[in-house]
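Residues -5 to 282 (my numbering) are what the sequence shown spells out, left to right.
Note that the Cβ used here is the ideal one computed from N, Cα and C, for glycine as well.
Since we're looking at a predicted model, the values are computed, not measured.
Here's the structure we're looking at; comments come further down.
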Amino acid sequence: MAAEPIDLLHLGRERIIASYVLDTDDGPALFDCGPSTTIDALKAGLADRGLALTDIRHLLLSHIHLDHAGAAGGLVREHPGLQVHVSPIGAPHLVDPSRLEKSARRLYGDTFDSLWGELVPVPQENVHQIDGRVLGLESFPTPGHASHHVCYLDPDGTLYAGDACGVRVLPGRFVMPPTPPPEVDVEAWEVTLDEIERRTPERLALIHFGVVDDVARHLTELRLALRDWAESVEGGATEEEFVEYALAQLADSGEDVEAYAQAMPFWQSYRGLERWAEKRAARLSAGS
């Protein structure tokens, strides 16, 4: 099954959050599932492909951020046979999402419920920690956006990329690094991009949003943008200055600014990089 996004119509808007159906050695699987607020759109997208939720045997998660994995527990509640694959770091937070929810509610405040909806625990017996190949795909750690991020390389050349390959709302060309708190690590992300390039994928299946065919250009643009944004924050840009800068970049590129801003709010990217810069400065100071 060729990589083609299911549009989850987050907050009623197109081309913000995607999920993908792929064929595996053990039947149909989903790559990422979106938040609980988009379960109805996910099931409608499956129906358009002639599938019911109960036809899906596996859920492959890139990481546990709510826009990628928030619906996992709700889907298992409806379909108890669904097997969920996630990094060892992320697995405990699926089984007990209380800490994850508490942290997210601090960040999103009163908007949490309308954005993400209910967080339901995934039963321990449904959770499988990823270690090497899974269902015929190569899985490998891809930290940077988050410490627990993984990608999956299909034998057909598609890299199911999560957020490791950035945000690009196709058919747009602007590639934006999503850098929310608390775990952004710019140096680790640059190593991740090396690892992805070494595997020479033919296409990138992005959650935000679409399938990229110009892989080399895309990854180069992401690498440059990540370093540019990091240097801006390390150089002392305020949150207001950073957001104005990001908005100007998108406007100059002629992109759908609102779509990018909903997929990855600029203020969150600033705060993630600010936290990274503070931790990096402390390490450098301790080592001097």
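What residue range does the beta strand (DSSP E) around residue i cover?
| i | result |
| --- | --- |
| Thr122 | The sequence shown places His at residue 122, rather than the Thr named in the question. 121 to 123 is the span of the beta strand (DSSP E), which, as asked, contains His122. |
| Asp17 | 12 to 18 |
| Pro135 | 131 to 135 |
| Gln77 | 77 to 80 |
| Thr283 | For residue 283 there is no data in the structure shown, the boundaries of the chain being -5 and 282. |
| Gly204 | 204 to 206 |
| Leu147 | 144 to 147 |
The ligand HEM heavy atoms versus the CB of residue i: any closer than 6 Å?
| i | result |
| --- | --- |
| Trp270 | Because no ligand of any kind appears in the structure shown, any question about the ligand HEM cannot be addressed here. |
Buried or exposed: which applies to residue i, given that a residue is buried once 16 or more other Cβ atoms fall within 10 Å of its Cβ?
| i | result |
| --- | --- |
| Asp157 | buried |
| Glu268 | buried |
| Gln256 | buried |
| Leu64 | The identity of residue 64 in the sequence shown is Gly, whereas the question assumes Leu. With 16 or more Cβ atoms within 10 Å of its Cβ, Gly64 is classed as buried. |
| Arg277 | exposed |
| Leu36 | buried |
| Arg265 | buried |
| Ala(-3) | buried |
| Leu5 | exposed |
| Leu218 | exposed |
| Thr43 | Note that residue 43 is Arg in the sequence shown here, rather than Thr. It counts as exposed. |
| Asp90 | exposed |
Give the range of the alpha helix (DSSP H) segment to which residue i is assigned.
| i | result |
| --- | --- |
| Gln262 | 260 to 281 |
| Phe25 | Note, Phe25: premise wrong, no alpha helix (DSSP H); beta strand (DSSP E) at 21 to 25. |
| Val237 | 233 to 247 |
| Glu8 | No alpha helix (DSSP H) contains Glu8, which DSSP labels as neither H nor E. |
| Glu225 | 209 to 228 |
| Ile33 | 33 to 42 |
| Ala257 | 251 to 257 |
Going straight from the alpha carbon of residue i to that of residue j, what length do you get?
| i | j | result |
| --- | --- | --- |
| Glu235 | Pro174 | 17 Å |
| Gly84 | Leu101 | 19 Å |
| Pro171 | Trp270 | 14 Å |
| Asp104 | Trp110 | 11 Å |
| Ile201 | Ile11 | 6 Å |
| Leu24 | Asp125 | 18 Å |
| Leu94 | His87 | 7 Å |
| Asp61 | Pro29 | 5 Å |
| Ser279 | Ser92 | 35 Å |
| Glu8 | Leu69 | 22 Å |
| Asp20 | Pro82 | 21 Å |
- Is there contact here, the region 185 to 198 with the region 224 to 241, by at least three beta-carbon pairs under 8 Å? no
- Task: Decide if the region 50 to 67 is in contact with the region 127 to 147; the criterion is three or more beta carbon pairs, one per stretch, under 8 Å apart.
- Result: yes
- Query: Considering only residues of the region 164 to 202, which uninterrupted alpha helix (DSSP H) runs meet the minimum length of 4 residues and lie entirely inside it, listed in chain order?
  - Reply: 180 to 192
- Give, in chain order, every unbroken run of the beta strand (DSSP E) that is at least 3 residues long and sits entirely within the region 52 to 118. 52 to 54, 77 to 80
- So does the region 36 to 51 actually touch the region 91 to 100, counting three or more Cβ pairs closer than 8 Å? no
- Task: Answer yes if the region 135 to 143 comes into contact with the region 176 to 186, meaning at least three C-beta pairs across the two stretches below 8 Å, and no otherwise.
- Result: yes
- contact_flag[the region 145 to 159, the region 234 to 249] where n(CB pairs < 8 Å) is 3 or more: no
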